[in-house]
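Asker: Going by the numbering used here, the sequence shown opens with residue 9, and the numbers climb by one from there. Glycine is no exception: its CB is placed at the ideal position from the N, C-alpha and C atoms. These numbers come from a predicted model, not from an experiment. I am attaching a structure below and will ask some questions about it afterwards.
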Amino acid sequence: MPLIPEEPQIHESAQGPRATPASGRTAPTPRPVPGPRPAAPPRPGRLGPVRPAPPVQRTPRDAAAVPGPSAPAVPAASPSVSASATPQIQLIPASAAGALDAAEEAVDLLLESGRAPGEVLVVTTGEQHPWAAHELSFGEASYWAQHDSGDDVFYADASALDRAAVRPVVVVAVNGGSAAVTATALPAARARAGALLIVCGEPQQINSVLGAGI
């Protein structure tokens, strides 16, 4: 009797390779979408007195003469610099009406370049700076106490320079006053500038007092 080969039996449990369902795949992690950047923190305010806006606006000629942000940084100096050292002299051309405003901008540049507020003395030859006039209304004792503390920029009239102490930087605003006042104030201011003397005013008048070529 011929042998009939047995047909291979297919078991129901045998299964081929399983395909991973699409739903079983791991979804790629979505990349975070950057949100709006936080605003830069505001520049910290200056300690001490807040200087009111100057009452006189500069003319376009005066505005062009005041150094902008591209002006070279003022070299640093120690507050203990002796008054006998010869300070560097910088002249900022300005009319009498714009000298105080030019001095304000010079002070801002000094502070932005790293100068401490207590290293700066501002002198006026004409009308007093509004801050000085305001503080003097409370009495000279309170006014000069702020000078002696040395914590902030101090504003003084040229007539009070004999009482002012040496500071690394002195800024003079030739904003009026007689020629005699200017002739006296500039040498006195230079004597109290340890490292730098900045003079805002008419170049011809300033050069005649401090010397040509400034």
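On the three-pair Cβ rule with 8 Å, is the region 149 to 167 touching the region 101 to 109?
Answerer: At 8 Å Cβ cutoff, the stretches do not touch.
Asker: Using DSSP bridges, identify the partner residues of TYR163.
Answerer: Counting from one through the sequence shown, the residue named residue 163 turns up at place 155. DSSP lists VAL130 as partners of TYR163.
Asker: Does the distance from the C-beta atom of GLY202 to that of GLU135 stay below 8 Å?
Answerer: Residue numbering aside, residue 202 sits at position 194 when the sequence shown is read from its first letter. Residue numbering aside, residue 135 sits at position 127 when the sequence shown is read from its first letter. No, the pair does not count as a contact, with Cβ atoms beyond the cut-off.
Asker: Taking ALA196 as the reference, which of ARG123, ILE100 and VAL131 has the closest Cα?
Answerer: Along the sequence shown, read from residue 1 onward, the residue named residue 196 stands at position 188. Checked all of ARG123, ILE100 and VAL131; the closest Cα to ALA196 is VAL131.
Asker: In three-state DSSP terms, what is PRO211?
Answerer: Counted from its first residue, the sequence shown places residue 211 at position 203. PRO211 falls in the helix class under three-state DSSP.
Asker: Quick check: VAL207 and LEU99, are their CB atoms within less than 8 Å of each other?
Answerer: Residue mapping note: residue 207 aligns to position 199 of the sequence shown, counting from 1. Residue mapping note: residue 99 aligns to position 91 of the sequence shown, counting from 1. It is a contact, given that the beta carbons lie within the stated cut-off.
Asker: Considering only the alpha carbon of each residue, which of HIS137, ALA166, ALA172 and SER167 lies closest to ALA153?
Answerer: Walking along the sequence shown from the start, residue 153 turns up at place 145. Among HIS137, ALA166, ALA172 and SER167, the Cα nearest to that of ALA153 belongs to ALA172.
Asker: Assuming ARG198 is part of the beta strand (DSSP E), what are its boundary residues?
Answerer: Counting from 1 along the sequence shown, the entry for residue 198 is found at position 190. Where ARG198 is concerned, there is no enclosing beta strand (DSSP E), although the alpha helix (DSSP H) it sits in stretches over 187 to 199.
Asker: In three-state DSSP terms, what is PRO95?
Answerer: Within the sequence shown, numbered from 1, the residue matching residue 95 stands at position 87. DSSP places PRO95 in coil when its eight states are reduced to three.
Asker: Tell me which residue opens and which closes the beta strand (DSSP E) that VAL177 is part of.
Answerer: As a position in the sequence shown, residue 177 is number 169, starting the count at 1. Here the beta strand (DSSP E) through VAL177 covers 175 to 181.
Asker: Please return the same chain residues whose Cβ sits closer than 6 Å to the Cβ of PRO63, not counting the five positions on each side in sequence.
Answerer: As a first step, residue 63 must be located in the sequence shown, where it is residue number 55. Here the model assigns PRO63 a pLDDT of 42, short of 50, so the residue's position is not dependable, and the following value carries that caveat. Here the set comprises nothing.
Asker: Is ALA124 helix, strand or coil by DSSP?
Answerer: In the sequence shown, residue 124 corresponds to position 116, counting from 1. Coil.
Asker: Taking 8 Å as the threshold (C-beta atoms), are THR133 and ALA166 in contact?
Answerer: Sequence index remark: in the sequence shown, residue 166 carries index 158 (1-based). Sequence index remark: in the sequence shown, residue 133 carries index 125 (1-based). A contact, by the Cβ cut-off of 8 Å.
Asker: Could you check if ALA140 is buried or exposed, using at least 16 other CB atoms within 10 Å of its CB as the buried criterion?
Answerer: Here residue 140 refers to the residue found at position 132 of the sequence shown. With 16 or more Cβ atoms within 10 Å of its Cβ, ALA140 is classed as buried.
Asker: Would VAL177 and THR190 be called neighbours here (beta carbons separated by less than 8 Å)?
Answerer: Mapped onto the sequence shown, residue 177 falls at position 169. Mapped onto the sequence shown, residue 190 falls at position 182. No, the pair does not count as a contact, with Cβ atoms beyond the cut-off.
Asker: When you compare only the Cα positions, how much space is there between PRO138 and ALA114?
Answerer: By one-based count along the sequence shown, residue 138 stands at place 130. By one-based count along the sequence shown, residue 114 stands at place 106. Cα to Cα, PRO138 sits roughly 17 Å from ALA114.
Asker: Anyone know if the C-beta pair for ALA193 and VAL180 falls short of 8 Å?
Answerer: The residue you call residue 193 lines up with position 185 of the sequence shown. The residue you call residue 180 lines up with position 172 of the sequence shown. A contact, by the Cβ cut-off of 8 Å.
Asker: Quick check: the Cα distance between GLN212 and ALA104, rounded to an integer number of angstroms?
Answerer: Here residue 212 is taken as the residue at index 204 of the sequence shown, counted from 1. Here residue 104 is taken as the residue at index 96 of the sequence shown, counted from 1. The straight-line gap from Cα to Cα measures roughly 13 Å.
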